[in-house]
Amino acid sequence: MTEATAPRTNIYTKETAPAIYYQVAMPKPETHLFEVTLRLVNYSSPILNLKLPVWTPGSYLVREYAKHLQDFAAFAFDLPLSWQKISKNHWQIETCEVSEITIKYRIFANELSVRTNHLDSSHGYFNGAALFFRILGWEAEPIQVTIVPPHPEWQVTTALPPVRQKANTFCASDFDTLVDSPFEIGLHQLHHFEVLGKPHELAIWGKGNFQLQQMIADIAKIIEVEAAMFGGLPYQRYVFLLHLFAQAYGGLEHKNSCALIYQRNGFRDRDKYERFMQLVAHEFFHLWNVKRIRPKELEVFDYDQENYTSSLWFCEGTTSYYDLLIPLRAGIYDAKSFLNNLSKEIARHETTPGRKVQSLAESSFDAWIKLYRPDANSGNSQISYYLKGEMVSLLLDLLIRSRSRNQRSLDDVMLKMWHQFGRDEIGYTPEQLQSVIEFIAGIDLTDFFNSYIDKTEDLPFNEYLEPFGLQLVEEKDEEPYLGVKVNSDNGRELIKFVDANSPAQFAGIDPGDELLAIDGLRVTANGLGDRLKDYQPRDTIQVTIFHQDELRTLPVTLASPCTRKYQIKAVENPSPTQKENFAGWLGAPLTTLR
Numbered sequence: 001m002t003e004a005t006a007p008r009t010n011i012y013t014k015e016t017a018p019a020i021y022y023q024v025a026m027p028k029p030e031t032h033l034f035e036v037t038l039r040l041v042n043y044s045s046p047i048l049n050l051k052l053p054v055w056t057p058g059s060y061l062v063r064e065y066a067k068h069l070q071d072f073a074a075f076a077f078d079l080p081l082s083w084q085k086i087s088k089n090h091w092q093i094e095t096c097e098v099s100e101i102t103i104k105y106r107i108f109a110n111e112l113s114v115r116t117n118h119l120d121s122s123h124g125y126f127n128g129a130a131l132f133f134r135i136l137g138w139e140a141e142p143i144q145v146t147i148v149p150p151h152p153e154w155q156v157t158t159a160l161p162p163v164r165q166k167a168n169t170f171c172a173s174d175f176d177t178l179v180d181s182p183f184e185i186g187l188h189q190l191h192h193f194e195v196l197g198k199p200h201e202l203a204i205w206g207k208g209n210f211q212l213q214q215m216i217a218d219i220a221k222i223i224e225v226e227a228a229m230f231g232g233l234p235y236q237r238y239v240f241l242l243h244l245f246a247q248a249y250g251g252l253e254h255k256n257s258c259a260l261i262y263q264r265n266g267f268r269d270r271d272k273y274e275r276f277m278q279l280v281a282h283e284f285f286h287l288w289n290v291k292r293i294r295p296k297e298l299e300v301f302d303y304d305q306e307n308y309t310s311s312l313w314f315c316e317g318t319t320s321y322y323d324l325l326i327p328l329r330a331g332i333y334d335a336k337s338f339l340n341n342l343s344k345e346i347a348r349h350e351t352t353p354g355r356k357v358q359s360l361a362e363s364s365f366d367a368w369i370k371l372y373r374p375d376a377n378s379g380n381s382q383i384s385y386y387l388k389g390e391m392v393s394l395l396l397d398l399l400i401r402s403r404s405r406n407q408r409s410l411d412d413v414m415l416k417m418w419h420q421f422g423r424d425e426i427g428y429t430p431e432q433l434q435s436v437i438e439f440i441a442g443i444d445l446t447d448f449f450n451s452y453i454d455k456t457e458d459l460p461f462n463e464y465l466e467p468f469g470l471q472l473v474e475e476k477d478e479e480p481y482l483g484v485k486v487n488s489d490n491g492r493e494l495i496k497f498v499d500a501n502s503p504a505q506f507a508g509i510d511p512g513d514e515l516l517a518i519d520g521l522r523v524t525a526n527g528l529g530d531r532l533k534d535y536q537p538r539d540t541i542q543v544t545i546f547h548q549d550e551l552r553t554l555p556v557t558l559a560s561p562c563t564r565k566y567q568i569k570a571v572e573n574p575s576p577t578q579k580e581n582f583a584g585w586l587g588a589p590l591t592t593l594r
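So in the UniProt record's numbering, spot 545 of the sequence shown is number 545, and the numbers just go up one at a time.
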């Protein structure tokens, strides 16, 4: 624990106790500017240090929130105070040893995501890390936040408790809690429902084709299933903030709330609706895994820089495995749908060349510079800790279940991690995480961790699926292998990705090139696969492209078809043990897949 965040002995009287008051106004929301006033009472140092976080917990990228801050000013009883900027996110004010200080500034907010701020004529949304200063030395003090809506009919929704007899005023117990409590302000729908005797709220901004009662009923099922895993709900009240937009997808977890963003018309189609429920299951699962059960490196947040950990594969990847499993247990979809979804995830993993380059531990550690900053070569050089972490979690669950005849599972790992680390919010080390998994599995997993987490060995899916009467069936493409992904973009056929060590790469084709023709005949993204079916492996074709506005025709020798599709299927003549294992894992007979 750092000096700045260490608990302090309470030596104050009511008259001398430090007090922090924020006011957030938005008088002209069309300008996208939040107007923030910070008032400090009983400040007693000649220098006041303010720092704006550079990232927000749960999203592992330095986002430089200070770039949106403008019009900074400091006052003591309306008299200006001298100040200077020490670094990109650090302001220092000379207080003249006055006890009450007022800071005013504005934050530009026109980025609609779960990690940033957005303000327009329809609503205001903000994350604490992107709006509020950390007051050095006062991080453990309570903070009051008063919202001043631009219109009287706008309402305010947040997981923070309200302050009695103060309109639109809420209290955070400390700075970490303030950062962890986003606000939605506007004309959003607000729906109240109760699960397991505790109040929940669903705030929806934006129009969409959802069926409200069905959505709430399914969310309640997810809450019940996850609560059953951990033995109850670790909060008194929980808030879901849902933003509906055009083609959007994402979520950010918080201790007592989550922010979700989803495509407004993505609810009628069954597959898209199930994907939304997976998003809900994912973010809600995080209230245990990562918000309370978290790596040692994230036990105390450093808001000024990257917080490196090699365990994000467990934080996010294991959560991703459960976001597929939880809706199955909740009855939102069946075992066949679960395995179809899982097959798609395996296909994504197996068709990512970067899985052979970057280990899972490296992917976790390098999240700050890679996952959130993809480039044209990312698929060749890295693997998502979400995706591979999900695959490794699958293997661990199957391993534990097959060794114990379904008497133990990854659920037991999560429960032990909760009791040992989560309830008291004690950070775990990679070694402690491995030890817990080994304890539940009843086996030394050194080779497993070395091969599949620390190194890049291929994941042996069939070895782990076989005890459950399942096999992973590969299906090769019909056309010979070229090694490009092409998208149509306003009438242009743009090459978005080129596989490493593919015929296209060896020929000199790059991402960003415009594909024009094969053997002199125009080709489109939609028609590329069919055109390639006219050729055989080892045939040489002439590919015409625009490369940086230069017309080129390149000879490309095609390779043998590659595998792009994977499907989990039942084995022929499964044994009684395989049938029993399958039913214990997915709660359905293996014949469901027939």
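Even glycine gets a Cβ: it sits at the ideal position worked out from N, Cα and C. The structure displayed is predicted, hence computed values, not measured ones.
Residue i by DSSP, collapsed to three states: which one?
i	result
L241	strand
E514	strand
A583	helix
E297	helix
T544	strand
N377	coil
W313	helix
A19	strand
Q432	helix
D534	coil
S59	strand
F77	coil
Q278	helix
E457	coil
S87	strand
Identify the continuous beta strand (DSSP E) that holds residue i and give its terminal residues.
i	result
V148	I143 to V148
H486	Here residue 486 is Val; the residue named in the question, His, does not match the sequence. Segment V484 to D489, the beta strand (DSSP E) holding V486.
Q263	S257 to Q263
Would you mind stating whether residue i and residue j have Cβ atoms separated by less than 9 Å?
i	j	result
T459	K388	Checking the displayed sequence, the identity of residue 459 turns out to be Leu instead of Thr. Cβ distance < 9 Å, so L459 and K388 count as in contact.
I568	Q471	yes
K255	A159	yes
Y481	P537	yes
C171	P152	no
L516	T540	no
R134	L202	no
T563	T351	yes
L40	I103	yes
S381	G422	no
residue 595	L324	Any answer about residue 595 is impossible in this case: the structure gives the chain only from 1 up to 594.
L279	L260	yes
E479	G529	yes
Y333	E425	no
K198	Y235	yes
Y452	L394	no
Going by other Cβ atoms of all chains shown within 10 Å of its Cβ, with 16 needed for buried, is residue i buried or exposed?
i	result
L551	exposed
N289	buried
S181	buried
A246	exposed
R268	exposed
C96	exposed
R594	exposed
S121	exposed
I495	buried
D218	buried
E64	exposed
T319	buried
A74	buried
R115	buried
I86	exposed
For the alpha helix (DSSP H) that residue i lies in, which residues bound it at each end?
i	result
I326	T319 to R329
I219	L212 to F230
L115	The residue asked about is misnamed: residue 115 is Arg in this sequence, not Leu. First-last for R115: undefined, no H or E at that position.
G442	Run containing G442: none; DSSP gives neither H nor E here.
Do we get a CB-CB distance below 9 Å when we pair residue i with the residues of chain B?
i	result
I383	Protein chains in the displayed structure number just one, and chain B is not present.
With hydrogens ignored, establish whether the beta-carbon of residue i is closer than 8 Å to any heavy atom of the ligand FAD.
i	result
E141	This structure simply doesn't include the ligand FAD, nor any ligand for that matter.
Query raised in the report: Within the chosen definition, does the region 297–307 reach the region 439–449 through at least 3 CB pairs nearer than 8 Å?
Result: no
Query raised in the report: So, do the region 161–171 and the region 27–44 have three or more beta carbon pairs nearer to each other than 8 Å?
Result: no
Query raised in the report: Would you call the region 380–394 and the region 313–323 in contact, with 3 or more CB pairs under 8 Å?
Result: yes
Query raised in the report: Is the region 463–481 close to the region 406–420, with three or more CB pairs under 8 Å?
Result: no
Report task. Pair every Cβ in the region 329–336 with every Cβ in the region 213–228, then say whether three or more of these pairs are closer than 8 Å. Result -> yes
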